[in-house]
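Chemist: Sharing a structure, written as structure tokens. Questions coming.
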Amino acid sequence: MPSLGLLTRALADGEPISYAPVWPVVGEVAAAFGVLLVAGNRHSLLEHGTLRRGSGSEWLLLLMCAAAFGFGATLTANAAFDEKAPTLYRVQVLNKHKNSGKSTTYYLQVTPWGPRTASENVTVSSAYYEYMMPGDSATVVARPGRLGIAWFELAE
121 MPSLGLLTRA LADGEPISYA PVWPVVGEVA AAFGVLLVAG NRHSLLEHGT LRRGSGSEWL
181 LLLMCAAAFG FGATLTANAA FDEKAPTLYR VQVLNKHKNS GKSTTYYLQV TPWGPRTASE
241 NVTVSSAYYE YMMPGDSATV VARPGRLGIA WFELAE
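In this note's numbering, the protein residues as written are 121 to 276.
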């Protein structure tokens with residue numbers, strides 16, 4: 121499903137510096153995609169009476185697909201088409217930890233940088249997690265974003 125693919129890609133890439141400018145764009149993209157989903161599936165929706173009856177499960181699925189697509193497409197396009205020069209910040213690794221469940225997520229806790237006033241956990245690859253130790257230096261790469269949504273990632 122393309123919506124989940126985009127959502128997964130967006131979550132794996134850099135993180136917005138602030139989510140405040142994300143939501144208006146996500147809402148617009150999700151609404152446009154939702155309209156396209158309804159328009160593209162109108163015959164099926166009419167055949168099953170969904171457009172007339174308002175069957176909850178079909179509308180919920182449509183809403184979830186549109187929201188996932190809106191979020192994923194917005195963040196992916198914002199990062200993938202960002203051609204402006206980055207701002208680099210040197211940080212120190214304070215600690216590292218991982219969360220395990222169905223999958224394992226690796227985190228490095230880094231010192232404050234740029235607009236961040238407190239230390240924070242940044243998601244990294246398993247290889248970079250194993251390579252880095254507390255006390256090591258790392259580089260935060262901050263970019264303005266193609267859609268004006270500033271984002272960052274830890275250079276690996």
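Yeah, the Cβ is synthetic: ideal placement off N, Cα and C, and Gly gets one too.
Out of ALA151, ALA132 and THR224, point me to the one whose CA is closest to ALA200's CA.
Modeler: Taking only the C-alpha atoms, the option nearest ALA200 is ALA132.
Chemist: Since ALA262 is in the beta strand (DSSP E), which residue starts that stretch and which ends it?
Modeler: From DSSP, the beta strand (DSSP E) with ALA262 extends over 257-263.
Chemist: Measure the alpha-carbon distance for ALA238 versus PRO232 and round it to whole angstroms.
Modeler: Their Cα atoms are separated by approximately 5 Å.
Chemist: Touching or not, the region 209-226 and the region 182-199, by the rule of three or more beta carbon pairs under 8 Å?
Modeler: These segments do not touch.
Chemist: Suppose you measure from the CA of PHE153 to the CA of GLU135; what does that come to, to the nearest Å?
Modeler: For PHE153 and GLU135, the distance between alpha carbons rounds to 23 Å.
Chemist: Is it true that the region 242-254 meets the region 220-228, where meeting means three or more beta-carbon pairs spaced less than 8 Å apart?
Modeler: These segments touch.
Chemist: Taking C-alpha atoms, which residue in MET184, ILE137 and ALA262 lies nearest to GLU203?
Modeler: Ranking MET184, ILE137 and ALA262 by Cα distance to GLU203 puts ALA262 first.
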